[in-house]
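Order-wise, the sequence lines are chains E and C. In terms of this note's numbering, the first sequence opens at residue 17 and continues consecutively. In terms of this note's numbering, the second sequence opens at residue 92 and continues consecutively.
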Amino acid sequence: MTTTPQAVRRASPRTRRPATPVAPDPTAGLLPQTAPVRLLDPDGTPLPPRADLPAPPVETLREMYRRMVVGRRFDAQATALTKQGRLAVYPSSRGQEACQVGAVLALRDDDWVFPTYRESMALTARGIDPVEVLTLLRGDWHCGYDPTVVHTAPQCTPLATQCVHAAGLAYGESYQGRDTVALAFIGDGATSEGDFHEGLNFAAVFKAPVVYFVQNNKYAISVPLSRQTAAPSLAYKGVGYGVPSEQVDGNDPVAVLAVLTRAVAHARAGHGPYLVEAHTYRMEAHTNADDASRYRDPDEVEAWRDRDPVARLEAYLRSRGELDDAAVAQIAAEAEAYAADLRDRMHAQPTVDPLSLFEHVYAEPTPQLVEQREMVRAELAADAEGDA
Amino acid sequence: MATMTMAKALNAALADAMLDDERVLVFGEDVGQLGGVFRITDGLQARFGDKRCFDTPLAEAGIVGFAVGLAMSGLRPVVEMQFDAFAYPAFEQIASHMAKLRNRTRGALSVPMVIRVPYAGGIGGVEHHCDSSEAYYAHTPGLKVVTPATVEDAYSLLREAIADPDPVVFLEPKKLYFASGEAELPARTAPFGRAVVRRPGTDATLVAYGPAVPVALEAAEAAREDGWDLEVVDVRTIVPFDDATVTASVRRTGRCVVITEAQGFAGVGAEIAARVQERCFHALHAPVLRVAGLDIPYPAPMLEHTHLPGVDRVLDTVARLQWDDRPDPRWLAQGSAA
Chain E
17 MTTTPQAVRR ASPRTRRPAT PVAPDPTAGL LPQTAPVRLL DPDGTPLPPR ADLPAPPVET
77 LREMYRRMVV GRRFDAQATA LTKQGRLAVY PSSRGQEACQ VGAVLALRDD DWVFPTYRES
137 MALTARGIDP VEVLTLLRGD WHCGYDPTVV HTAPQCTPLA TQCVHAAGLA YGESYQGRDT
197 VALAFIGDGA TSEGDFHEGL NFAAVFKAPV VYFVQNNKYA ISVPLSRQTA APSLAYKGVG
257 YGVPSEQVDG NDPVAVLAVL TRAVAHARAG HGPYLVEAHT YRMEAHTNAD DASRYRDPDE
317 VEAWRDRDPV ARLEAYLRSR GELDDAAVAQ IAAEAEAYAA DLRDRMHAQP TVDPLSLFEH
377 VYAEPTPQLV EQREMVRAEL AADAEGDA
Chain C
92 MATMTMAKAL NAALADAMLD DERVLVFGED VGQLGGVFRI TDGLQARFGD KRCFDTPLAE
152 AGIVGFAVGL AMSGLRPVVE MQFDAFAYPA FEQIASHMAK LRNRTRGALS VPMVIRVPYA
212 GGIGGVEHHC DSSEAYYAHT PGLKVVTPAT VEDAYSLLRE AIADPDPVVF LEPKKLYFAS
272 GEAELPARTA PFGRAVVRRP GTDATLVAYG PAVPVALEAA EAAREDGWDL EVVDVRTIVP
332 FDDATVTASV RRTGRCVVIT EAQGFAGVGA EIAARVQERC FHALHAPVLR VAGLDIPYPA
392 PMLEHTHLPG VDRVLDTVAR LQWDDRPDPR WLAQGSAA
C-alpha cells in the first residue's frame, strides 16, 4: 500500500505519532569552524577579538616574531648548506614559520614534541642546537639530540607513524601521574596513512593528552590535497574519532598560537586529544632535490607570498607599537649571527667512528655483532697500517 | 614439580612479572575480560585491574606503536598479537621504530617491550591463522626473537623477555599451548642466547626450535630402531643465536639436520645451516641438510600434515647424511649423480 497525499491530509493530528524528540547534536564541540580561524588580516590588521579564543599576550607574540625571523634565517642557511654539499638533503619549511614556532610556544619545556623531517625550524625554535637538529640530514647519525633531555622524539621520516607513539607516550605520562602533553606534527599527505587514524583513535579511546597538528601545506611532494582527501577539510577527520578539531589560517601567527594554546589546554585538562589543521603553504620545493615547477603554477606561489606570516606579524606588532626599526634590526642581526655560527660549525667535518656502528643495536652486543666488530676493527687497523 | 600446560605457564609468567614490576602493562585484542583467545591472559584483568591489563581498539600497528610510546614514557608494555598473520599490519612499527629507536638515538631511548605472537601451525587453523613468521623478525636487527618448546622454558623465557632491556618478539607455538609438561615455578632455565641439548646423542645433531623440537625428539626416539643415536639441540633464542652450543654439538656428531616448521627458502633454517657449515666444515661428514615446511602459502587445514615436517621426513633426511659413499638417490633421479 502506498501513502497518497490525500491519505496524509486526512490523518487526524490526534492519531499522528509524536515527532521524534530532538536529540542533542552528538557532534557538538567536535566539528571545526566552517572557515579557518583568523585573528589578523593578511596585512596584519587585527580582526575583532573573540571571547572563545583569547589573544596571546603581546610579549609572547614578540618572542614569536623573534623566533620566526631567526627560524627563517636558519632555514635559508640550511638550504645554502645543502647546496654546498654539507647536508645530504634539506626539506625546507619556509612559509610555515607561524606553525613551526606557534606549536613550540604553545607547549611547556617538559611537554613532548613528535616532529617529522620538516620540523627543523620548530626544533631550533625549541632551543635544540641547530647542528644537532641537522645531524639526521648531514648524515653522521640518525638523530643528533638526546630525546630524553629535550623531550623531543627523533625526526620521523616514515609518515604518520609518530601519531601512535605520541598517543602511547601521552597516555603513559598521564598513567604515571604527570600532566605532560604530547604534540605530534603531521603533514597533509600523511593524513592518508593508517597510523594517523590509529593514532587519533587510540588517543581518543584512552583519552591521551595529545595535540595532532596538521600543517596542510597543500602538497605531498607533488601530489595536491585533492588527491589525498575528499573531506571538506582535514580538520573534519577528527569527528569520526570523537576528537574535537579546529582549522586555522596557518599563516596568521596570532590565530595559530591562540588555537594551539587552547588545544594544549584541552589536552592538559584531561579531556583527551585535539586535532588542529593549519592551512599554510610550502614556499620551497619538497626538498632541494625536488623541482616544484613540474607541478605548481608560479602564480599560485606568488599569491602565497602575499600572505607571508613573518611580514604579517611584524606589521601587527608595529601597529601596536611593540616593534620598531631598531628592534627589527636587532632581531635581524641576531638571526645573522645565528646563521653564521651554524655555517661555521657545519663546515667542520664531523668525525664518525665505524666501530660505533655496533653500539646501541642492543643494550649488549650479540656474539655475532662482537665478531663483526672485531672484523671491522681488523680492517681499520690494516687500513691504518697501509696509510702509515 | 607440577604438571601444567604451556598456556598455564605463560599465564603464570605474565602474572608474576606484573606482580614484580608495576610498570608492566598487558594489552591487546580480547586480552582483558576474555583472557585472550588462547586464554594466556586469563584472570589478569580481574587480579590487576583494567589499567594494568586491557583491551585496545582492533588495530595491530596502533597496538605496537602505542606500546613504543608507552615504553618511551618509562613503562614496560607486553602486547599480544592475536595470530601470527594478523601481526603484519604492525610490521612497519616493529621494523622501523621498535627495532631501531635505541640505535637511532644512540641509546638515549630504549624500547623494553614484548610482542607475544601465537605462531605456526598444527592446530587445523583456517587461512591466516598458522604462519611461521620468525624469519621476518629474525632478519630485523634490533629485535630479539625467542620461541619456547617446553613448559618451563615458556615461563622462564617470557620472564626474561619482559625483564630484557631490548624489544623482544616472543613466538608461542600454538600447537604446544595445551601440551602438558613438568614444571617447577617460578622456573629459571637459562638467560637469552643459550641453546640447550634436549637429548644427547653421538651420530648426528638435529637442530630445532619451537614447534619443531617435539618432532625432533620423536624422530630421535624412532631413529634408535634404525641404529642411529641422534642429539637434539633446542635453539630457544633465534636472536641472539647460540653458535657455541650448536657448533659444539655438530663437531661432536659430525652430521647435522636443521628442522623448521617454516617454509625453508631464505628462512631461519637456512641461516643455521650456513652458520654450521661455516664453523664445522672439517668436522662434517655430510652436507648440512634441512627439513622445512614446503615453499607454499600455508595450506588449508586438511592438507597441513603434508606441509609440516614430520618424523618420517626427518628420518628420511637423516638417512641421506652419507652414512656410506653411495650417491644420494635424489640426485640420481635428477640425472646429476656426479
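Ideal placement from N, C-alpha and C gives every residue a C-beta, glycine not left out. Fair warning: this is a prediction, and the values are worked out from it, not measured in the lab.
Does the beta carbon of residue i sit closer than 8 Å to a beta carbon anywhere in chain C?
{"i": "E/Leu-185", "result": "yes"}
{"i": "E/Tyr-228", "result": "no"}
{"i": "E/Asp-125", "result": "no"}
{"i": "E/Gly-210", "result": "yes"}
{"i": "E/Trp-157", "result": "yes"}
{"i": "E/Tyr-378", "result": "yes"}
{"i": "E/Val-180", "result": "yes"}
{"i": "E/Asp-162", "result": "yes"}
{"i": "E/Glu-390", "result": "no"}
{"i": "E/Glu-214", "result": "yes"}
{"i": "E/Phe-201", "result": "no"}
{"i": "E/Glu-189", "result": "yes"}
Have a look at residue i and residue j and give me their C-alpha separation to the nearest angstrom.
{"i": "C/Leu-192", "j": "E/Lys-223", "result": "25 Å"}
{"i": "E/Val-326", "j": "E/Ala-114", "result": "7 Å"}
{"i": "C/Tyr-210", "j": "E/Val-166", "result": "40 Å"}
{"i": "E/Lys-234", "j": "E/Tyr-297", "result": "6 Å"}
{"i": "E/Val-197", "j": "C/Met-95", "result": "45 Å"}
{"i": "C/Phe-174", "j": "C/Leu-125", "result": "16 Å"}
{"i": "C/Trp-414", "j": "C/Ala-295", "result": "10 Å"}
{"i": "E/Asp-162", "j": "C/Glu-263", "result": "36 Å"}
{"i": "C/Asp-146", "j": "E/Asp-313", "result": "49 Å"}
{"i": "E/Arg-11", "j": "E/Val-264", "result": "Given that chain E is displayed from residue 17 to residue 404, the structure contains no residue 11 of chain E and the question cannot be resolved."}
{"i": "E/Arg-10", "j": "E/Glu-316", "result": "Only positions 17 to 404 of chain E appear in this structure, which leaves residue 10 of chain E out of reach."}
{"i": "C/Asp-107", "j": "E/Pro-52", "result": "53 Å"}
{"i": "C/Val-260", "j": "C/Phe-139", "result": "24 Å"}
{"i": "C/Asp-255", "j": "C/Glu-243", "result": "18 Å"}
{"i": "C/Val-405", "j": "E/Leu-371", "result": "43 Å"}
{"i": "E/Gly-143", "j": "E/Glu-79", "result": "13 Å"}
Near residue i, which residues of its chain fall below 8 Å by C-beta distance, leaving aside the five closest residues on each side in sequence?
{"i": "E/Ala-319", "result": "none"}
{"i": "C/Ala-364", "result": "Cys-347, Val-349, Val-379, Leu-380 and Arg-381"}
{"i": "E/Arg-102", "result": "Arg-154, Met-362 and His-363"}
{"i": "C/Ala-429", "result": "Residue placement at C/Ala-429 is poorly supported in this model, since its pLDDT is 45, which falls under 50; the coordinates still yield a value, given next. No residues qualify anywhere along the chain."}
{"i": "E/Arg-359", "result": "Gln-93, Ala-96 and Leu-97"}
Kindly list, in the order they appear in chain E, the residues whose Cβ is closer than 8 Å to that of residue i.
{"i": "C/Glu-120", "result": "Those within 8 Å of C/Glu-120 in chain E number zero; the least Cβ separation is about 13 Å."}
Quick one: which chain E residues come within Cβ less than 7 Å of residue i?
{"i": "C/Pro-183", "result": "For clarity, residue 183 of chain C is Glu in the given sequence; the question names Pro instead. What C/Glu-183 touches in chain E: Pro-174 and Thr-177."}
{"i": "C/Val-32", "result": "This structure does not reach residue 32 of chain C, given that chain C is present from 92 up to 429, and the question cannot be answered."}
{"i": "C/Ala-199", "result": "Asp-162, Pro-163 and Thr-164"}
{"i": "C/Met-172", "result": "Neighbours of C/Met-172 on chain E: none; closest Cβ ~15 Å, over 7 Å."}
Figure out for me which residue from the options has the closest Cα to the Cα of residue i.
{"i": "C/Glu-151", "options": "C/Phe-129, C/Gly-126, C/Phe-182 and C/Asp-141", "result": "C/Phe-182"}
{"i": "E/Glu-262", "options": "E/Pro-269, E/Ala-39, E/Ser-249 and E/Ala-94", "result": "E/Ser-249"}
{"i": "E/Gly-256", "options": "E/Val-280, E/Leu-291, E/Thr-277 and E/Asn-232", "result": "E/Leu-291"}
{"i": "C/Ser-187", "options": "E/Arg-336, E/Thr-177 and E/Asp-68", "result": "E/Thr-177"}
{"i": "E/Ala-301", "options": "E/Thr-95, E/Ala-67, E/Thr-61 and E/Asp-324", "result": "E/Thr-95"}
{"i": "C/Ala-229", "options": "C/Ala-252, C/Ala-190 and C/Arg-195", "result": "C/Ala-190"}
{"i": "E/Gly-45", "options": "E/Ala-274, E/Val-368 and E/Gly-254", "result": "E/Gly-254"}
{"i": "E/Gln-231", "options": "E/Arg-389, E/Ala-138 and E/Pro-73", "result": "E/Ala-138"}
{"i": "C/Tyr-268", "options": "C/Thr-132, C/Asp-416 and C/Val-115", "result": "C/Thr-132"}
{"i": "C/Leu-385", "options": "C/Tyr-227, C/Pro-400 and C/Leu-101", "result": "C/Pro-400"}
{"i": "E/Asp-156", "options": "C/Arg-250, C/Arg-197, C/Val-236 and C/Pro-258", "result": "C/Arg-197"}
{"i": "E/Ala-206", "options": "E/Asp-195, E/Val-221, E/Val-180 and E/Glu-189", "result": "E/Val-180"}
Is the shortest distance between the beta-carbon of residue i and the beta-carbons of chain E less than 8 Å?
{"i": "C/Ser-340", "result": "no"}
{"i": "C/Thr-196", "result": "yes"}
{"i": "C/Ala-428", "result": "Confidence is the limiting factor: at C/Ala-428 the pLDDT is only 46, short of 50, which leaves the residue's position unreliable and the question unanswerable from this model."}
{"i": "C/Asp-334", "result": "yes"}
{"i": "C/Leu-248", "result": "no"}
Using a Cβ-Cβ cutoff of less than 7 Å, which residues in the same chain neighbour residue i once the five nearest sequence positions on both sides are dropped?
{"i": "C/Asp-325", "result": "Ala-240, Ala-286, Val-287, Arg-289, Ala-299, Tyr-300 and Val-304"}
{"i": "E/Leu-185", "result": "Trp-128 and Ala-198"}
{"i": "C/Gly-123", "result": "Gln-136, Asp-141, Cys-144, Phe-145 and Asp-146"}
Residue i versus chain C: which residues are under 8 Å apart at the beta carbon?
{"i": "E/Gly-101", "result": "Within 8 Å Cβ-Cβ: nothing; E/Gly-101 doesn't reach chain C, min ~24 Å."}
{"i": "E/Asn-217", "result": "Pro-148, Ala-150 and Gly-153"}
Should residue i be listed as close to the ligand ZN, given that the test is whether its C-beta is under 7 Å from any heavy atom?
{"i": "C/Ile-185", "result": "You won't find the ligand ZN in this model; it holds no ligand whatsoever."}
Residues of chain E with CB under 9 Å from residue i, in chain order?
{"i": "C/Pro-256", "result": "Tyr-378, Ala-379 and Glu-380"}
List, in chain order, every chain C residue whose beta-carbon is nearer than 9 Å to that of residue i.
{"i": "E/Glu-79", "result": "Residues of chain C passing the Cβ test: none, with the nearest at roughly 28 Å."}
{"i": "E/Val-221", "result": "Thr-147 and Pro-148"}
{"i": "E/Pro-383", "result": "Gly-284, Pro-331, Phe-332, Asp-333, Asp-334 and Ala-335"}
Quick one: residues in its chain with C-beta nearer than 6 Å to the C-beta of residue i, no 5 flanking neighbours on either side, listed in chain order?
{"i": "E/Ala-183", "result": "Gly-215, Phe-218, Ala-219, Ala-224 and Val-226"}
Please list, in chain order, the chain C residues whose beta carbon lies closer than 7 Å to that of residue i.
{"i": "E/Pro-146", "result": "Correct list: empty, because the minimum Cβ distance to chain C is about 18 Å."}
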